[in-house]
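*Asks:* Starting off with a structure, shown below.
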Amino acid sequence: MGIEVIVEGLTKSFGNQTVWQNVTLTLPPGEVSVMLGPSGTGKTVFLKSLIGLLKPEEGRVMVDGVDMVGGRERDIYETRKLFGLMFQDGALFGSMNLFDNIAFPLREHTRKKESEIRRIVMERMEMVGLLGAQGKLPGEISGGMRKRAGLARALVLDPQIILCDEPDSGLDPVRTSYISQQLIDLNAQIDATMLIVTHNLDIAATVPDNMGMLFRRELVAFGPREVLLTSDEPVVRQFLGGRKEGPIGMAEEKDEATLAAEQFIALDDTPPRIVPQLQPSPGLPPRQAVQRRRARVLAMWDQLPVAARTAIKAGLAPVQEEHA
Ligand SMILES: Nc1ncnc2c1ncn2[C@@H]1O[C@H](COP(=O)(O)OP(=O)(O)OP(=O)(O)O)[C@@H](O)[C@H]1O
Ligand SMILES: [Mg+2]
């Protein structure tokens with residue numbers, strides 16, 4: 001089962017620029033979470049802080065008893081092996097074919113025999129639908145295939161925590177749905193704790209159990225996906241509605257005058273429609289996180305906003321109601 005990641009009071013700056021401050025959240029074991037946020041709000045910096053590649057000035061990130069911020073470097077290095085990382089740009093080596101790219105972490109971090117490496121690489125390539133492409137160079141395949149190769153490489157060390165930085169960037173809508181399904185299938189197969197950073201509204205609507213959003217140097221919210229999907233927080237509504245009107249501007253934040261002018265534009269207040277979460281493909285086991293999440297959400301029932309409760313109830317309703 002995946003490992004829980006506990007983030008407490010995390011603050012990160014570069015020089016005198018604070019990227020975000022006092023970020024506190026827990027990634028529940030084996031569940032899939034999404035972090036949203038406009039460009040430049042520090043999502044990638046957040047992922048790098050979770051694995052100890054960047055050092056926030058304050059707070060801690062507890063993984064399997066190790067603080068990835070202030071712990072001993074040797075412990076951090078060992079704990080990092082529990083993570084699988086899929087980078088924003090794929091980060092494949094251009095001169096290596098896909099097989100060697102995907103085998104790289106195994107050759108680097110383990111003493112496995114070549115035959116064993118071959119078995120693992122082929123298995124992961126099959127998982128992401130890349131069998132047959134092992135001899136191709138990254139420059140010879142499509143962006144979608146490169147993404148999947150990056151995912152396969154993130155999987156070779158059997159990670160218990162998977163971090164994906166914008167798995168959809170550069171993909172068309174169809175490829176994006178494929179990768180969404182692949183992430184859910186992966187979760188059903190290995191029950192790893194997953195955090196996906198994305199701007200993509202389809203992924204946000206269909207993939208995660210939990211959702212959070214970074215904006216203006218703060219974590220706006222983090223919780224069961226229904227909480228954000230029904231939130232009346234203007235910045236969340238604007239982002240999830242993909243609208244121009246609202247607090248988010250081209251330079252991330254709008255000035256007061258623009259905001260004041262927009263007070264006169266009627267925002268549509270039709271409640272957001274919540275689409276069902278993706279299910280694992282036929283033939284795969286059910287996601288083990290589903291039962292755990294259900295118990296977790298029921299335990300926090302009293303703290304949830306009414307709109308979120310209504311949405312959760314609708315989601316838990318027996319299937320026949322959907323046909324009624
Ligand atoms: N190593 C660094 N040194 C200095 N500043 C940095 C460094 N890495 C990131 N930043 C700054 O931190 C801020 C957040 O960057 P980050 O890449 O995390 O944004 P993001 O939310 O991932 O954006 P996008 O959605 O465009 O990928 C930016 O202002 C960026 O310039
Ligand atoms: Mg980024």
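Residue numbers for the sequence shown follow full-length UniProt numbering, beginning at 1 and rising by one. C-beta atoms are modelled at their ideal positions from N, C-alpha and C, and glycine is treated no differently.
Quick one: what's Glu114 bridged to in DSSP?
*Replies:* If you number the sequence shown from 1, residue 114 lands on position 114. Looking at the DSSP assignment, Glu114 forms no beta bridge with any residue, so it has no partner.
*Asks:* Please list the segments of the alpha helix (DSSP H) lying wholly inside the segment 40-94, counting only runs of 4 or more residues, in order along the chain.
*Replies:* Runs of the alpha helix (DSSP H) inside the segment 40-94: 43-50 and 73-80.
*Asks:* Three-state secondary structure (DSSP) at Lys12?
*Replies:* Locating residue 12 in the sequence shown gives position 12, where the first residue counts as 1. Lys12: strand per DSSP, three-state reduction.
*Asks:* Since Gln182 is in the alpha helix (DSSP H), which residue starts that stretch and which ends it?
*Replies:* Translated into the one-based positions of the sequence shown, residue 182 becomes position 182. Per DSSP, Gln182 belongs to the alpha helix (DSSP H) from Pro173 to Ile190.
*Asks:* Just how far apart, CA to CA, sit Phe222 and Leu214?
*Replies:* Taking the first residue of the sequence shown as 1, we reach residue 222 at position 222. Taking the first residue of the sequence shown as 1, we reach residue 214 at position 214. The straight-line gap from Cα to Cα measures roughly 9 Å.
*Asks:* Taking Val275 and Thr206 to be in contact with their CB atoms under 8 Å, please state how far apart those CB atoms are, rounded to whole angstroms.
*Replies:* As a first step, residue 275 is located in the sequence shown; it is residue number 275 there, counting from the start. As a first step, residue 206 is located in the sequence shown; it is residue number 206 there, counting from the start. About 6 Å; that satisfies the 8 Å criterion.
*Asks:* Using a strict less-than 7 Å threshold between each residue's beta carbon and the heavy atoms of ligand 2, what residues do you get?
*Replies:* That gives Lys43, Thr44, Gln88, Asp165, Glu166 and Val197.
*Asks:* Does the segment 104-120 come close enough to the segment 167-177 that 3 or more CB-CB pairs lie under 8 Å?
*Replies:* Judged by Cβ distances under 8 Å, the segment 167-177 makes no contact with the segment 104-120, as fewer than three pairs qualify.
*Asks:* Can you give me the Cβ contacts of Ala307 inside the same chain, cut-off strictly under 6 Å, excluding the 5 residues immediately before and after it?
*Replies:* Residue mapping note: residue 307 aligns to position 307 of the sequence shown, counting from 1. These residues qualify, in order along the chain: Thr230.
*Asks:* Whose C-alpha, out of Arg225, Pro247, Leu27 and Leu228, is nearest the C-alpha of Val235?
*Replies:* The sequence position of residue 235 within the sequence shown is 235, counting from 1. The residue with the shortest Cα to Cα distance from Val235 is Pro247.
*Asks:* How long is the line joining the alpha carbons of Trp301 and Arg309, rounded to whole angstroms?
*Replies:* Start at 1 with the first residue of the sequence shown, and residue 301 comes out as number 301. Start at 1 with the first residue of the sequence shown, and residue 309 comes out as number 309. Each residue's Cα considered, the two are about 7 Å apart.
*Asks:* Would you kindly work out how many angstroms separate the C-alpha atoms of Phe264 and Phe239, rounded to a whole number?
*Replies:* In the sequence shown, the residue the question calls residue 264 occupies position 264. In the sequence shown, the residue the question calls residue 239 occupies position 239. With a pLDDT of only 48 at Phe264, under 50, the local geometry of the prediction cannot be trusted, and no value is derived from it.
*Asks:* Out of Leu54, Thr41, Val66 and Lys43, which has the shortest C-alpha to C-alpha gap to Val5?
*Replies:* Position 5 of the sequence shown, counted from the first residue, corresponds to residue 5. Closest option to Val5, Cα to Cα, is Val66.
*Asks:* Would you tell me roughly how many angstroms separate the C-alpha atoms of Ala266 and Arg216, rounded to the nearest one?
*Replies:* For the purposes of this step, residue 266 is identified with residue 266 of the sequence shown, where counting begins at 1. For the purposes of this step, residue 216 is identified with residue 216 of the sequence shown, where counting begins at 1. Confidence is the limiting factor: at Ala266 the pLDDT is only 48, short of 50, which leaves the residue's position unreliable, though a coordinate-based value still follows. Rounded to whole angstroms, Ala266 to Arg216 spans 24 Å at the Cα level.
*Asks:* Can you give me the Cβ contacts of Val121 inside the same chain, cut-off strictly under 7 Å, excluding the 5 residues immediately before and after it?
*Replies:* Here the question's residue 121 lines up with position 121 in the sequence shown. Same-chain partners within the cutoff: Phe99, Ile102, Ala103 and Val156.
*Asks:* Below 8 Å CB to CB, which residues in the same chain sit around Gly315 once its five sequence neighbours on both sides are set aside?
*Replies:* Here residue 315 refers to the residue found at position 315 of the sequence shown. The residues are Glu226, Ile274, Pro276 and Gln277.
*Asks:* Is the CB-CB distance between Ile117 and Phe83 below 8 Å?
*Replies:* Translated into the one-based positions of the sequence shown, residue 117 becomes position 117. Translated into the one-based positions of the sequence shown, residue 83 becomes position 83. For Ile117 and Phe83, no; Cβs fall outside 8 Å.
*Asks:* Does the distance from the CB of Leu92 to the CB of Arg146 come in under 8 Å?
*Replies:* On the sequence shown, residue 92 is found 92 positions in, with the first residue counted as 1. On the sequence shown, residue 146 is found 146 positions in, with the first residue counted as 1. Yes, these two residues count as a Cβ contact at 8 Å.
*Asks:* Quick one: using the 10 Å Cβ neighbour count with 16 as the cut-off for buried, is Met1 buried or exposed?
*Replies:* Mapped onto the sequence shown, residue 1 falls at position 1. Its Cβ having fewer than 16 others within 10 Å, Met1 is exposed.
*Asks:* First and last residue of the beta strand (DSSP E) that includes Met35?
*Replies:* In the sequence shown, residue 35 corresponds to position 35, counting from 1. Where Met35 is concerned, the enclosing beta strand (DSSP E) stretches over Val32 to Leu36.
*Asks:* Whose CA, out of Gly212, Pro285 and Arg153, lies closest to the CA of Thr41?
*Replies:* Counted from its first residue, the sequence shown places residue 41 at position 41. For the residues Gly212, Pro285 and Arg153, the minimum Cα distance to Thr41 belongs to Gly212.
*Asks:* Skipping 5 residues on each side, what residues in its chain have a beta carbon closer than 7 Å to that of Arg287?
*Replies:* Sequence index remark: in the sequence shown, residue 287 carries index 287 (1-based). Cβ within range, chain order: Asn187, Ala188 and Pro280.
*Asks:* Going by beta carbon distance, what residues of the same chain come within less than 7 Å of Ile190, once the five residues before and after it are set aside?
*Replies:* Counted from its first residue, the sequence shown places residue 190 at position 190. None.
*Asks:* Val34 and Ala204: beta carbons closer than 8 Å?
*Replies:* Residue mapping note: residue 34 aligns to position 34 of the sequence shown, counting from 1. Residue mapping note: residue 204 aligns to position 204 of the sequence shown, counting from 1. Yes, the Cβ-Cβ distance between Val34 and Ala204 is below 8 Å.
*Asks:* Provide the residue(s) that pair with Glu218 in DSSP beta bridges, ordered along the chain.
*Replies:* Within the sequence shown, numbered from 1, the residue matching residue 218 stands at position 218. DSSP lists Phe215 as partners of Glu218.
*Asks:* Any heavy atom of ligand 1 inside 7 Å of the beta-carbon of residue 330?
*Replies:* Residue 330 cannot be examined here, being either before or after the span of the chain that is shown, 1 to 324.
*Asks:* For ligand 1, is there a heavy atom less than 7 Å away from the beta-carbon of Thr176?
*Replies:* By one-based count along the sequence shown, residue 176 stands at place 176. No, the Cβ of Thr176 stays beyond 7 Å of every heavy atom of ligand 1.
*Asks:* Of the choices Arg293, Gly135, Met86 and Asn22, whose alpha-carbon is the least far from that of Val7?
*Replies:* The count along the sequence shown starts at 1 and reaches residue 7 at position 7. Closest option to Val7, Cα to Cα, is Asn22.
*Asks:* Where DSSP assigns a beta bridge to Leu163, which residues make up the other side?
*Replies:* Indexing the sequence shown from 1 puts residue 163 at position 163. For Leu163, which the question treats as bridged, DSSP gives the partners Leu85 and Leu195.
*Asks:* State yes or no: is the C-beta of Thr11 nearer than 7 Å to some heavy atom of ligand 1?
*Replies:* Stepping through the sequence shown from its first residue, residue 11 is reached at position 11. No - ligand 1 has no heavy atom lying nearer than 7 Å to the Cβ of Thr11.
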